[in-house]
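Student: After the structure tokens below, expect a handful of questions from me.
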Amino acid sequence: MKNLLYPILLLAVAWFCQGQVTMQRIVDDNYHGNNSVSLLILGTVQDAGSPHIACKKECCSDLFKHPDTDRKVVSLGLIDGKNRQTFLFEATPDIAEQLRNLKETTLWEAPEIPNGIFLTHAHIGHYSGLMYLGKEANNAKEVIVYSMPKMKAFLESNGPWGQLVSEKNIVLKLLKNQSELKLTPDVTVVPFTVPHRDEYSETVGYRIVGPSKSALFIPDIDKWNVWESSIVDAISKVDYAFIDATFYDGEEIKNRNISEIPHPFVVESMDIFDSLPAKERGKVYFIHFNHTNPLLRRESPQTKTVYDKGFRVARMNDKFEL
Numbered sequence: 012m013k014n015l016l017y018p019i020l021l022l023a024v025a026w027f028c029q030g031q032v033t034m035q036r037i038v039d040d041n042y043h044g045n046n047s048v049s050l051l052i053l054g055t056v057q058d059a060g061s062p063h064i065a066c067k068k069e070c071c072s073d074l075f076k077h078p079d080t081d082r083k084v085v086s087l088g089l090i091d092g093k094n095r096q097t098f099l100f101e102a103t104p105d106i107a108e109q110l111r112n113l114k115e116t117t118l119w120e121a122p123e124i125p126n127g128i129f130l131t132h133a134h135i136g137h138y139s140g141l142m143y144l145g146k147e148a149n150n151a152k153e154v155i156v157y158s159m160p161k162m163k164a165f166l167e168s169n170g171p172w173g174q175l176v177s178e179k180n181i182v183l184k185l186l187k188n189q190s191e192l193k194l195t196p197d198v199t200v201v202p203f204t205v206p207h208r209d210e211y212s213e214t215v216g217y218r219i220v221g222p223s224k225s226a227l228f229i230p231d232i233d234k235w236n237v238w239e240s241s242i243v244d245a246i247s248k249v250d251y252a253f254i255d256a257t258f259y260d261g262e263e264i265k266n267r268n269i270s271e272i273p274h275p276f277v278v279e280s281m282d283i284f285d286s287l288p289a290k291e292r293g294k295v296y297f298i299h300f301n302h303t304n305p306l307l308r309r310e311s312p313q314t315k316t317v318y319d320k321g322f323r324v325a326r327m328n329d330k331f332e333l
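Heads up, the working numbering is the position in the sequence shown plus 11, with the first residue counted as 1.
Here is the structure:
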């Protein structure tokens, strides 16, 4: 009898596991169903990527020989399934793969180029991907690019970006600080300025509001205490907060003056948020990691610390329903 029960038990376990996998697939499919709005993480790394140019440190050495395909420069995809529209936040050097990823995540035959691109500021990882819309590459036709006044003026007045405008590869749409933009019947986007080494343009974060939930996106800021708004209050008003985590702490950078590239250290942010209830801490997803940041490694002690404290780490292809 035992000999008969054993194969039956194995078949039952296999059937159960298959059922679990099938259910997970269905859940994932419905996640981007016809009536859903969602965010897709398309990149999590700081502007210069990982491995970093000319980096000889341990954090990069093996990656030159064995690249990690999940290490893309920070970007979000926005999918509105009901209205059949997609949008991109940040135009990074990895834009080609990110746009293909965005397209393939939709359940309809979405176009290769999204319905619009939102920029945060004029640092290389956040806008330089626009070059691939030009005549040397896609030669795109009137792609809508949303930007703030100084960013818009910078693109119009400097090559090669001005050529994208004159050739009508892109059409610049002006955003206003704290002014709601009704992107689709189900999505509203609100830009807001944040302090951050604004050499060529202002810097903004975004609040992205869907039918049921909302998200905060602040990939770059100098320090939380120099912002005129409260990051704690901002987190309380959304369901997800994707925030600047460029450096885990001040020990990462030895060859540069870290005061010249200010960002809120992850350890500082966790201290600020430590008194928040568990539900609020669970909204925080750290993103925009320098190549030295140990949070890029899923098994690092620092990653464990973040999760132990009730926070999260954004990862490629994470999906969030709005």
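Beta carbons: idealized from backbone N, C-alpha and C, even for Gly.
1) Three or more C-beta pairs closer than 8 Å, one from the region 161-179 and one from the region 141-151: is that the case here?
2) Which value, in whole angstroms, describes the spacing of the CA atoms of residue 319 and residue 168?
3) So, is residue 9 buried or exposed, given that buried needs 16 or more other C-beta atoms within 10 angstroms?
4) Can you tell me whether residue 331 is buried or exposed, with buried defined as 16 or more other CB within 10 angstroms of its CB?
5) With burial defined as no fewer than 16 other Cβ atoms inside 10 Å of the residue's Cβ, what is the status of residue 285: buried or exposed?
6) Measuring CA to CA, which of 111, 248, 119 and 72 is closest to residue 92?
7) Exposed or buried, what is residue 109 when buried is set at 16 or more other beta-carbons lying within 10 Å of its beta-carbon?
8) Ignore the nearest five residues each way along the sequence and tell me which others in residue 263's own chain have a CB closer than 7 Å to its CB.
9) Going by the beta-carbon positions, is the gap between residue 161 and residue 213 smaller than 8 Å?
10) Please name the residue, chosen from 81, 314, 309 and 95, that lies closest to residue 197 on a Cα-to-Cα basis.
11) Could you give the first and the last residue of the continuous alpha helix (DSSP H) run that contains residue 143?
12) Straight-line CA distance for residue 289 to residue 148?
13) Short check: CB of residue 306 to CB of residue 317, under 8 Å?
Tutor: In short, the structure shows the following:
1) Touching, per the Cβ criterion.
2) Here residue 319 is taken as the residue at index 308 of the sequence shown, counted from 1. Here residue 168 is taken as the residue at index 157 of the sequence shown, counted from 1. Residue 319 and residue 168: Cα-Cα distance of roughly 48 Å.
3) Missing from the structure shown is residue 9; the chain here goes from 12 to 333 and no further.
4) The sequence position of residue 331 within the sequence shown is 320, counting from 1. With a threshold of 16 other beta carbon atoms within 10 Å, residue 331 meets it and is buried.
5) Numbered from its first residue, the sequence shown carries residue 285 at position 274. Counting of Cβ neighbours within 10 angstroms places residue 285 among the exposed residues, the total staying below 16.
6) Residue mapping note: residue 92 aligns to position 81 of the sequence shown, counting from 1. Each of 111, 248, 119 and 72 was checked against the Cα of residue 92, and the nearest Cα belongs to 119.
7) Here the question's residue 109 lines up with position 98 in the sequence shown. By the 10 Å Cβ count, residue 109 comes out buried.
8) Here residue 263 corresponds to residue number 252 of the sequence shown, with the count starting at 1. Correct list, in chain order: 301, 303 and 304.
9) As a first step, residue 161 is located in the sequence shown; it is residue number 150 there, counting from the start. As a first step, residue 213 is located in the sequence shown; it is residue number 202 there, counting from the start. Yes. Within cutoff.
10) For this step, residue 197 is matched to residue 186 along the sequence shown. Residue 95 holds the alpha-carbon nearest to the alpha-carbon of residue 197 among 81, 314, 309 and 95.
11) Indexing the sequence shown from 1 puts residue 143 at position 132. Here residue 143 belongs to no alpha helix (DSSP H), and DSSP marks it neither H nor E.
12) Counted from its first residue, the sequence shown places residue 289 at position 278. Counted from its first residue, the sequence shown places residue 148 at position 137. For the pair residue 289 and residue 148, the Cα-to-Cα distance works out to about 47 Å.
13) Numbered from 1 along the sequence shown, position 295 holds the residue referred to as residue 306. Numbered from 1 along the sequence shown, position 306 holds the residue referred to as residue 317. Their beta carbons are under 8 Å apart, which means residue 306 touches residue 317 by this criterion.
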